[in-house]
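Structure first, then comments.
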Amino acid sequence: METVAVVLEKPGQLALRTVTLQEPGADDLVVDAVWSGISSGTERLLWAGRMPNFPGMGYPLVPGYETVARVSQAAEGFAEGDLVFVPGANCYKDVKGLFGGAAKRIVLPAARAVKLDGIADEEGILIALAATAHHAVASEGASLPQLIVGHGLLGRLIARITLALGADAPTVIETQAARHDGAAGYAVLTPEQDTRRDYATICDASGAAGLLDTLIPKLAKRGEITLAGFYEDALSFTFPPAFMREARIRIAAEFTMADMQAVKALVADRRLSLSGLVSHHAAASTAAEAYEQAFTDPNCIKMALDWSALT
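Take a look at the structure:
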């Protein structure tokens with residue numbers, strides 16, 4: 001089998017081209033993409049050539065781990081026509097599939113697919129990042145934040161999940177004026193406007209490496225900072241302010257299937273809305289331009305690629 005896929009040939013060079021798929025096994029699904037999302041975090045690092053080395057990393061590769069697709073060849077537990085979320089795939093013979101979800105046709109183990117009952121096609125691309133947000137603030141050992149740093153997509157999802165789980169409205173700080181819009185039940189301030197210095201819990205969703213020295217003074221005694229972004233540069237902080245507060249720093253890793261199911265339940269109960277978060281749309285045939293805009297335009301909160309016109 002062959003399919004059309006987005007291929008990062010090398011840093012800064014992206015093309016839409018035909019690639020060869022591995023043959024599906026008995027426990028695999030074959031799915032056809034409807035929408036896929038572009039991550040302005042990890043995928044931007046791949047595009048820029050700044051992604052730290054991971055097993056399976058290299059070029060050329062198919063990016064993408066936020067795909068909504070229809071099942072065209074079913075396996076146990078699924079039926080033809082089911083709408084599913086695809087968190088990436090490694091199903092290509094001639095290119096790497098470190099992420100692997102930005103393709104028209106995808107082969108993946110059925111155990112990795114998640115049915116999207118009750119979630120609109122386009123909004124389904126947000127499920128992985130929503131689960132990441134849930135893992136950062138609501139998994140075992142986590143605390144819901146009083147302050148969120150960054151009002152990109154991850155910050156917005158963290159704020160919405162915090163409210164959905166019954167906490168008081170968090171404060172969000174954002175440096176880019178273009179990203180102050182879109183708050184739903186909480187305030188977005190500039191860093192200068194936020195003068196509070198007694199936060200018990202702070203969650204960083206910005207991925208900015210040089211921020212700890214500005215966040216630690218905002219903590220209450222024994223307060224905690226959760227690092228929910230992906231940090232390409234080394235993190236450091238001045239010790240005395242952290243020492244005086246007995247500050248704690250927590251790192252949130254990738255989401256689990258439990259986080260995914262928790263997010264689906266919040267959406268089904270109408271406690272969590274995913275509406276209004278996909279800000280831009282583009283045809284998959286214009287992928288090169290769409291990826292560049294997603295990585296460079298501060299007004300682009302989330303770019304969704306439409307695969308419906310491709311065969």
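Numbered by the numbering used here, the letters in the sequence shown go through residues 1 to 311 in order.
C-beta atoms are modelled at their ideal positions from N, C-alpha and C, and glycine is treated no differently.
From the listed residues 287, 178 and 91, the smallest Cα separation to residue 15 is found for 287. In summary, residue 48 is exposed, with fewer than 16 beta-carbon neighbours lying within 10 Å of its beta-carbon over all protein chains present. Excluding the 5 residues flanking it on each side, residue 309 has same chain C-beta neighbours closer than 8 Å at 283, 284 and 285, in chain order. For residue 110, the closest alpha carbon among the candidates 98, 97, 119 and 80 is that of 80. When secondary structure is reduced to three states using DSSP, residue 193 falls in the coil class, being assigned neither helix nor strand. Taken through DSSP and simplified to helix, strand or coil, residue 155 comes out as helix. Here residue 13 is bridged, per DSSP, to 10. Residue pairing of residue 35 in beta bridges, as defined by DSSP: 68 and 306. The residue among 85, 159, 58 and 59 with its C-alpha nearest the C-alpha of residue 29 is 85.
Between the stretch 179 to 190 and the stretch 204 to 222 there are fewer than three C-beta pairs closer than 8 Å, too few to call the two in contact.
CA-to-CA, the gap between residue 57 and residue 196 works out to about 42 Å. Of the other Cβ atoms in all chains shown, fewer than 16 fall within 10 Å of the Cβ of residue 235; this residue is therefore exposed.
DSSP, read as helix, strand or coil, puts residue 43 in helix. Within its own chain, the residues whose Cβ lies closer than 6 Å to the Cβ of residue 222, once the five positions on either side in sequence are excluded, are 246, listed in chain order.
120 is the residue among 89, 120 and 219 whose C-alpha sits nearest the C-alpha of residue 82. In the structure shown, residue 125 falls within a helical segment according to DSSP collapsed to helix, strand and coil.
Sequence-distant Cβ neighbours of residue 126 in its own chain, meaning closer than 8 Å and more than five residues away, are 37, 66, 153, 157, 274, 277, 278 and 302.
For residue 212, the enclosing alpha helix (DSSP H) starts and ends at 212 to 215. In terms of Cα proximity to residue 228, the closest of 237, 138 and 299 is 138.
In the assembly as shown, residue 131 is a buried residue. Its beta-carbon has 16 or more other beta-carbons within 10 Å.
In the three-state DSSP reduction, residue 86 falls in the strand class (E or B). The Cβ-Cβ distance between residue 272 and residue 105 does not fall below 8 Å. In the three-state scheme derived from DSSP, where H, G and I count as helix and E and B as strand, residue 231 is classed as coil. In this structure, residue 43 keeps its C-beta atom at 8 Å or more from the C-beta atom of residue 20.
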